[in-house]
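Numbering (our numbering), first residue to last: 17 to 271.
Quick reminder that beta carbons are idealized off the backbone N, C-alpha and C, glycines included.
All values reported here derive from a predicted model rather than from experimental measurement.
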Ligand code: SF4
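See the structure below:
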């Protein structure tokens with residue numbers, strides 16, 4: 017079975033990312049590939065790095081995108097569905113407006129994919145999949161696999177992208193995270209994060225966390241663990257981190 021995963025990218029999202037220096041590797045699809053069982057042969061097209069081959073011979077297409085790329089992603093889906101190739105969509109936009117996305121896909125994922133993704137692929141293989149997959153559970157990140165680095169295709173100023181946590185316990189009313197993740201923070205074991213961090217060859221690493229200061233004691237432990245690797249890292253943190261001298265000191269020392 018052949019699975020084509022597409023990280024959709026439109027001129028609209030490029031304008032936003034370019035102006036905010038946010039144009040680094042998105043790891044959703046390389047991570048989803050790591051959750052995909054072996055009978056499936058996975059290819060990944062990241063539109064920031066290469067064009068979609070609309071004639072590709074595949075059994076299933078998966079698309080992730082952010083809201084500015086929604087119409088573009090729907091056009092991609094339409095092209096494959098016209099050829100009779102089923103399309104599955106997921107990601108933040110699909111989770112927040114599933115009724116819209118469902119009009120453009122054969123299958124949609126609402127929320128997080130862990131656990132359900134493997135179940136869906138099995139049901140797809142057996143021809144008994146459903147239209148909507150939605151988990152009530154908030155998946156743990158304990159022993160989550162590493163995103164597949166051979167599916168990182170962008171050539172940018174960074175050398176690695178990684179997550180240590182997902183979600184945020186805060187409830188800022190303008191933020192989509194509380195709707196998507198129900199204010200639940202999940203963390204990977206520090207040793208696993210530090211080992212993946214060390215495995216990147218270059219020096220410049222992005223922690224793609226929603227809020228790397230969401231659990232400051234966890235983050236301090238992480239910063240201590242990665243300090244010996246002498247890399248530089250960047251992430252995003254809520255402003256209360258600025259009141260914690262120890263957090264700032266350890267963050268600065270770690271990279
Ligand atoms: S602190 Fe940041 S990530 Fe957390 S809910 Fe507020 S805006 Fe969202």
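*Who are the near neighbours of residue 232 in its chain, counting only those whose CB is closer than 8 Å to its CB and skipping five residues on each side?*
257, 260, 263
*asked:* Is residue 275 near the ligand SF4 - that is, is its Cβ less than 8 Å away from at least one heavy atom of it?
replied: What is shown of the chain runs 17 to 271, which leaves residue 275 out entirely.
_Sufficient close CB pairs (3 or more, under 8 Å) joining the region 116 to 127 to the region 90 to 108_ = Touching, per the Cβ criterion.
*Please confirm whether any heavy atom of the ligand SF4 lies closer than 8 Å to the CB of residue 254.*
yes
*Going along the chain, which unbroken runs of the beta strand (DSSP E) with 3 or more residues stay wholly within the region 158 to 238?*
176 to 178, 220 to 223
*Residue of 78, 139, 64 minimising C-alpha distance to residue 102*: 78
_When you measure from the CB of residue 263 to every non-hydrogen atom of the ligand SF4, does any distance come out below 8 Å?_
No, since every heavy atom of the ligand SF4 falls outside the 8 Å radius drawn around the Cβ of residue 263.
*Could you tell me whether any non-hydrogen atom of the ligand SF4 is closer than 8 Å to the CB of residue 223?*
no
*So, do the region 157 to 173 and the region 193 to 209 have three or more beta carbon pairs nearer to each other than 8 Å?*
yes
*Can you give the Cα-Cα distance for residue 117 and residue 50, rounded to whole angstroms?*
Each residue's alpha carbon lies about 24 Å from the other.
*Report the three-state DSSP secondary structure of residue 105 (helix, strand or coil).*
strand
*Selection from 45, 131, 71 that minimises the alpha carbon distance to residue 168*: 45
*Does the region 232 to 249 come close enough to the region 53 to 65 that 3 or more CB-CB pairs lie under 8 Å?*
no
*Between residue 190 and the ligand SF4, is the CB less than 8 Å from at least one heavy atom?*
Yes; taking the cut-off as 8 Å, the Cβ of residue 190 has a heavy atom of the ligand SF4 nearer than that.
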